[in-house]
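Peer 1:
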Amino acid sequence: MISSHIATAIPRRRFLRGLGVTLGLPMLECMAPAFAKGSQPKPPKRMLLISNNLGVLPQHFFPKDKGPGYTLSPYLKELAVFKNDFTVCSGLSHPAVTGGHSTENCFLTAARDPTRSGFRNSISLDQYAAEAIGQQSRFPTLNLGVNIDKANRSLSWTRDGVLLPAEDSPAALFRKMFLQGDAKQTALSLKRLQERGSVLDVLSEDMSDFQRGLGASDRSRLDQYLTSVRELEQRLVIAGEWEQKPKPATNATPPQDIADKARFFPKIQLMLDMARLAFESDSTRIITLMVDGFATPVFEIDERQRTRDGYHNLSHHGQSKDKLAELKKVDLQQMRHLRDLLSALAATPAADGSRLLDHAMVLYGSNLGDANVHNCTNLPVLLAGGGFQHGQHFAFDTLHNKPLCNLFVTMLQHLGIETDRFASSTGTLSGL
Amino acid sequence: MWIDRSFLTLFMFVALTQLRAETVTAARALFIEKHCIDCHDDSTAKGEFDITALDFDLSDGANRSRWMQVFDLVEKGEMPPPEKSKLSKNERHVFTQKLGSELLAAAKAELAKAGRGPVRRLTRVEFENNLRVLLKLPSLDIRDKLPEDRDSHGFTKVSAMLDVSRVQLDAYLDAAEAALRSAMASEQPPPLPVSRRFTGIDLFPGLDTFGGREAMFFARDNRMVPVTNEELKKMTPEQRSDSTLELALFRSATWPYFGYPRGFVAKVGGAFRVRFSGRAVRQVQGFRLVPAYEPVAMSFRARQPSGADVSGDVRETGGWMDLQPEVREFETTIHLKAGETFEYSPLGLPVPFIRTDGGFYYDYPPMPPEGHRGVAIQWLEVTGPIVDTQWPPPSHRILFDEVSHVMGTEADAVRLFQRFATRAALRPMSEQAHEPFLQLIRAKLAAGMTFADAMLAGYQALLCSSHCLYLTEPRSGSADAHYAIAARLSHGFWNQRPDDELTLLAKGGRLRDAATLKAQTNRLIADPRFAQFVETFADEWLDLRKLRRDIPDERLYPEYRKDDYLVDSMAHETQAFLQAMVRENLPATTLVTADFTFVNDRLARHYDLPRVAGSAMQRISLPRGSPFGGLITQAALMKHTSNGTTTSPVLRGVWIMEKLLGQPPPPPPKSVPAVEPDIRGAVTIRDLLAKHTESKSCAGCHAKFDPVGFALENFDVMGAWRDRYRGMEKGEQITGFDPAGHPYTYFVGAAVDASGQLPGGQTFRDIHDVKRLLATNPRQLAKNLLHHLILHATGTPVGFADRAEVESMLDTCAAGGFRVRDLVHALVQSRIFIGSSFLP
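Written out as structure tokens, the structure is:
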């Protein structure tokens, strides 16, 4: 399913190769395509993690009853065709992650008390997963945003709590994924990689000298330094190889960025299309997407109606009937976009012919349980796809929430990562 | 070796059949058969220990440490369990003598072969500090580029944990490159510092803040002057900066809040000088200001100039200043990154809260009879960034001396690199060692790279090489031993590279001279840079880094809601106390008991002590019978050993036993779930634990650490004294309003029973008794402190071969009553610290 912004398909095959730059190092085994060995490849698992930092109206989102035979809530009715392809959870939150909107950066990290002095974020789910599975695609992760305040907000954080800025331009993303850079750009990035390579050569030589003067245990201790030098060299080679490797072909038309923040939904649509293309082309296995409602001014709900207030003010509805009605429309529209994404993923075949949706987990949620009162408990959480036992409403205690990280651990395990904990987890979410 | 091997054969045999008791080692096998195997064979393996699976090859470090555990448990008489065994005193002695001497021989052989510990990488904090010193860039900020170091029992300077991965190496290269780039002068001199003065309405970014008028207003002649947005729009800059107005603030800088001088943003990062005029006030009915009764502390916080919902980095900067009831001028230096501003941060004032009844707004707590405490600011000036007046800056000269970084020749390159390497390397480098780096520079120049870039590539490689990234052991016979001692001293006590004086002494080979060492140690301790030791050692030994991990439960402990000032004050107390222990050479018993401590206004209130004015820590004598003397009961320690909602005698007991008393308990068995505390207030933790430790096998271990924990039950989750527990359902109902004005209800229930029996058999009624009992063994307290100091200073824990040395240090310090600075001197003078020429 191609969106209106990626109109007619222009078949194109671009193989801009032979830029005349090589690093003069052997091609690594890990560079070989995964399916070169076996005949019937097992499609890799993927995950897309979406958060809207203003959440949804909880009364229309959460189902009233629980279990496999639950009744769809008004919002979830929009996803009715996929009822058996998603699970909705209530009673989940991050323990001690409080502080109103500032929790938006902790949705995938669960780092406590983000507004205190000296706060430091921790590693986010996507980065943790990427570290564990290694670089199996051109981009270990993609970190995307809609209307996002890039300097201050992100779902993606390093192990040291450093913000990884989101990409908010679908056009730039498309270029990164599909358009080969010109020779000069490639040469420049290769040159930088080479320079680091030459420094590593010196370090390797120096460390070997240093080791000679030391005892056996010191020598073996310092072997890890030499290993690091070698691994880093290999990484540089991988980066260099990807730099020179032809990018995948696509039938999609390069998208045009939308500058107007008021065109909120077309922007979401475009980003979701890019996410789907990234999975389809195996450009990455892991994607995050922050929908920054906070930074969204008065916007178009549809062709006919604009909101009467900026999204943030709207979300503090104070039980005003008009505002609640508008918010409901906005939320429903988002649900429809989610449905379209699931449809597109279901219509796309994976390497073995099965639905791409069955290999792609899609998490939709928010750091706010109720934006009206800045409540950070009882977060809306929906997990679709990925090949789980779906079709249920997991209802946990709304007074004593279960850690959302339990779901994260289940997702990590589903990606094939052997771990039994992540951040504030206390277990997994059994039954999925 | 043959003895061990033959023993091993025998001993594997033991598990299956009878012994062939012929040799001396067979005697030990017999001992094991008689006293150990019932519980520790492969099928029972009590305590997850199967002695039959344990190899007797003592040259293997892992085996040695297991046998060391066997030795310790048998020697202490804990194994075999006294109630189950008829082991005679003599049998025990023969066994431990033999095993002990073999362990010692093996440990000494290892020491002779490999030294006390492996070389260690610098921590990221040390790396940043070293580059700051080397490049003369005191505000260099590269720490965030480097991955956080792992810790072992809280300590980050442990050789075995300081790994290098590709991620780290890449990060160190990035950090070195960034540091060198900021050291190099750009083509143009930096812009001169900009100075701005704020008065009147320009003192604040808006006309109100969260919490409404009660939280902030402008005043003239002590009365509120209301200003509307419409009026503001029409104002000229002169009207806006009307200096007859004061800014009055009555809330702390905690979410939701933003309060910085209107429109100020640092274009470039760096240090800024802030001068301002302010006073402490009270707000009384009708928005009027009257002089305060006591000072109000204030600080600044660096942050992004966004709205209330600031993300990421918010840092206190500039230190604490006490505003007095009369107007005074203050001056401080704050550090900002590019794009940041700084907000007024009054400490210890209320934080408004969200009301959702009848709309959505932030309410301010009800006014106390004496009025709301607050501050009033008359004007504020900010000047910066403060840059070196020299051009090019000293950091540039470190890299390029007087050579033009554009026009340098190859000969210049060689000279500059050698000059830089002499300063940067932690030990002297041979000409030959320079060669790979010089080759790199030459190759870059030959490839047409600019002179500056080629030099920087060489410098970058050097900073991440063995010469700058690794600390070595002072080895006997090594030419560099004195440099290693210098580095150990400075990294241990200052967290940074040696200064010129230490380097000069290393060059002269003087650092094994006892008098010189003592003088240098005293100099390091007296220096302001010793604060780095205090902070690091408190973070790592006393786990102060975990102080802010848990937030007190707002339902059970509403009085602590958002009280960052209290938490910060706790950290300051423990740091001040630790510093006094070393600088004033206090006895090791101050760990558990003292008649003084350090408090400020907030902490004095917390400890229910007589009033103290101001935010600065003051040394005070504790009243007789106060439970707050000694590190063991300080609020910081009580806070981080609880979880914010409940206290656990188990967790506190374990922490105290390991960190303060040096008797770490064995790890908990895997199969037993932890006790779930009951916060309704129906059952006390003592009752729950009694159930938990009903079985004898649990009780044995718990008896080692629970008692101290029980004695500490009189201290709540924030370290304040309590006689009764709080709960959510049972007991006497308490209601009121917290500092933010939220109504609260909790229940005061069962009385705290802090009595118990120490593992030695002595019974106690409460913490006072326990302190007295613990203070009777100063040698054990001193020994534990030494163990932690050794780990901090050398990166390697005390090994079997170090034990005699530690005992002799303790002997040296016994006469003086095991004083802390004496212990430090004894350590620095020991083989463990300075290495030795002794061979086993």
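Residue numbers (our numbering), protein chains in the order written: chain Y, 650 to 1081; chain W, 12 to 851.
For glycine and all other residues, C-beta sits at the position ideal for the given N, C-alpha and C.
Secondary structure at W/V81, three-state DSSP: helix, strand or coil?
Peer 2: Of the three classes helix, strand and coil, the one that applies to W/V81 here is helix, per DSSP.
Peer 1: Name the chain Y residues whose beta carbon is nearer than 7 Å to that of W/C475?
Peer 2: The contacting residues are L852.
Peer 1: Return no unless some Cβ of chain W is closer than 7 Å to the Cβ of Y/M856.
Peer 2: Yes, Y/M856 lies at the interface with chain W (some Cβ there is under 7 Å from its Cβ).
Peer 1: At a CB-CB cut-off below 9 Å, which residues of chain W make contact with Y/F1043?
Peer 2: Chain W residues near Y/F1043: none, gap ~22 Å exceeds 9 Å.
Peer 1: Go to W/L214, then tell me how far its beta strand (DSSP E) extends in each direction, as first and last residue.
Peer 2: No beta strand (DSSP E) holds W/L214; DSSP gives it neither H nor E.
Peer 1: Rounding to the nearest angstrom, what Cα-Cα distance links W/R286 and W/K278 in this structure?
Peer 2: When rounded, the distance between both Cα atoms is 19 Å.
Peer 1: Under 7 Å between the Cβ atoms of W/E305 and W/A624?
Peer 2: Result yes, Cβ atoms of W/E305 and W/A624 sit closer than 7 Å.
Peer 1: At a Cβ threshold of 7 Å, is W/L614 touching chain Y?
Peer 2: Closer than 7 Å: no.
Peer 1: Which residues bound the beta strand (DSSP E) around Y/D941?
Peer 2: First-last for Y/D941: undefined, no H or E at that position.
Peer 1: Report the rounded CA-to-CA distance for Y/K894 versus Y/N900, giving the unit in angstroms.
Peer 2: Looking at the two C-alpha atoms, the distance is approximately 19 Å.
Peer 1: Less than 8 Å between C-beta atoms, sequence neighbours within five positions excluded: which residues of the same chain meet that for Y/D980?
Peer 2: Closer than 8 Å at Cβ, skipping near neighbours: V705, L706, H709, F710, Y724.
Peer 1: Mind checking the stretch 761–788 of chain Y against chain W and listing, in chain order, the residues whose C-beta falls within less than 9 Å of any C-beta there?
Peer 2: So the list reads R761, D762, P763, T764, R765, S766, G767, F768, R769, N770, E780, given in the order they occur along the chain.
Peer 1: Mind checking Y/G669: buried by the 16 CB within 10 Å criterion, or exposed?
Peer 2: Residue confidence for Y/G669 is low, a pLDDT of 27 falling below 50, so the modelled location carries little weight and cannot support an answer.
Peer 1: Roughly how many whole angstroms lie between the Cα atoms of Y/T933 and Y/L698?
Peer 2: One C-alpha to the other measures close to 13 Å.
Peer 1: Hey, could you find the ends of the alpha helix (DSSP H) Y/R868 is sitting in?
Peer 2: Run containing Y/R868: 865–893, per the alpha helix (DSSP H) assignment.
Peer 1: List in chain order: all unbroken alpha helix (DSSP H) runs of 4+ residues lying wholly within the stretch 416–468 of chain W.
Peer 2: Qualifying alpha helix (DSSP H) stretches, in chain order: 421–435, 442–457.
Peer 1: Tell whether a beta-carbon distance below 7 Å holds between W/P923 and W/T394.
Peer 2: The structure shown does not extend to residue 923 of chain W, since chain W is modelled only from 12 through 851, so no value can be given for it.
Peer 1: Rounded to whole angstroms, how far is the Cβ of W/G767 from the Cβ of W/A731, which I believe are closer than 8 Å?
Peer 2: Wrong, their Cβ atoms sit about 21 Å apart, outside the cutoff.
Peer 1: When you compare the CB positions of W/G828 and W/P569, do they come within less than 7 Å of one another, or not?
Peer 2: Contact: no.
Peer 1: How is W/S819 classed by DSSP in three states: helix, strand or coil?
Peer 2: Three-state result, W/S819: helix.
Peer 1: Is the stretch 795–815 of chain Y touching the stretch 748–760 of chain Y in the sense that three or more CB pairs, one from each, lie closer than 8 Å?
Peer 2: Yes, they touch.
Peer 1: What residue range does the beta strand (DSSP E) around W/L528 cover?
Peer 2: Premise fails: W/L528 lies in the alpha helix (DSSP H), 525–537, not in any beta strand (DSSP E).
Peer 1: Let me check understanding here. Comparing Cα to Cα, which of W/V835, W/A282, W/A259 lies closest to W/V292?
Peer 2: Among W/V835, W/A282, W/A259, the Cα nearest to that of W/V292 belongs to W/A259.
Peer 1: Please state whether DSSP places W/W666 in a helix, a strand or coil.
Peer 2: Three-state DSSP puts W/W666 in a helix.
Peer 1: Measuring CB atoms only, is the stretch 160–174 of chain W touching the stretch 206–221 of chain W, in the sense that at least three cross pairs come out at less than 8 Å?
Peer 2: These segments do not touch.
Peer 1: Have a look at W/W402 and W/E413 and give me their C-alpha separation to the nearest angstrom.
Peer 2: Taking the straight line joining both Cα atoms gives about 12 Å.
Peer 1: Report, in whole angstroms, the separation of the C-beta atoms of W/P447 and Y/D867, which I expect to be a contact under 8 Å.
Peer 2: Wrong, their Cβ atoms sit about 20 Å apart, outside the cutoff.
Peer 1: Let me confirm a value: W/R574 is counted as buried when at least 16 other C-beta atoms fall within 10 Å, else exposed. Which label applies?
Peer 2: It should be pointed out that residue 574 of chain W corresponds to Asp in this sequence rather than to Arg. By the 10 Å Cβ count, W/D574 comes out buried.
Peer 1: So, is the C-beta of W/S659 closer than 7 Å to a C-beta in chain Y?
Peer 2: No, W/S659 does not count as interfacial toward chain Y.
Peer 1: Any idea what DSSP makes of Y/S964, helix, strand or coil?
Peer 2: Of the three classes helix, strand and coil, the one that applies to Y/S964 here is helix, per DSSP.
Peer 1: Y/R861 versus chain W: which residues are under 7 Å apart at the beta carbon?
Peer 2: Ordered by position in chain W, no residue passes the 7 Å Cβ test against Y/R861, which lies about 11 Å from the chain.
Peer 1: Looking at C-alpha atoms only, which residue of W/A537, W/E381, W/A495, W/T532 is the closest neighbour of W/K518?
Peer 2: Nearest of W/A537, W/E381, W/A495, W/T532 to W/K518, Cα basis: W/A495.
Peer 1: Does the structure place the stretch 764–778 of chain W close enough to the stretch 710–720 of chain W that three or more beta carbon pairs sit under 8 Å?
Peer 2: The answer is yes - the stretch 764–778 of chain W touches the stretch 710–720 of chain W, with three or more Cβ pairs under 8 Å.
Peer 1: Can you tell me whether W/A498 is buried or exposed? The criterion is at least 16 other CB atoms within 10 Å of its CB, across all chains shown.
Peer 2: Buried is the call here.
Peer 1: Quick one: residues in its chain with C-beta nearer than 6 Å to the C-beta of Y/V1011, no 5 flanking neighbours on either side, listed in chain order?
Peer 2: So the qualifying residues of the chain are L697, A1033, G1034.
Peer 1: Whole angstroms are fine: how far does the CA of Y/F1071 sit from the CA of Y/L774?
Peer 2: Cα to Cα, the separation comes out at about 8 Å.
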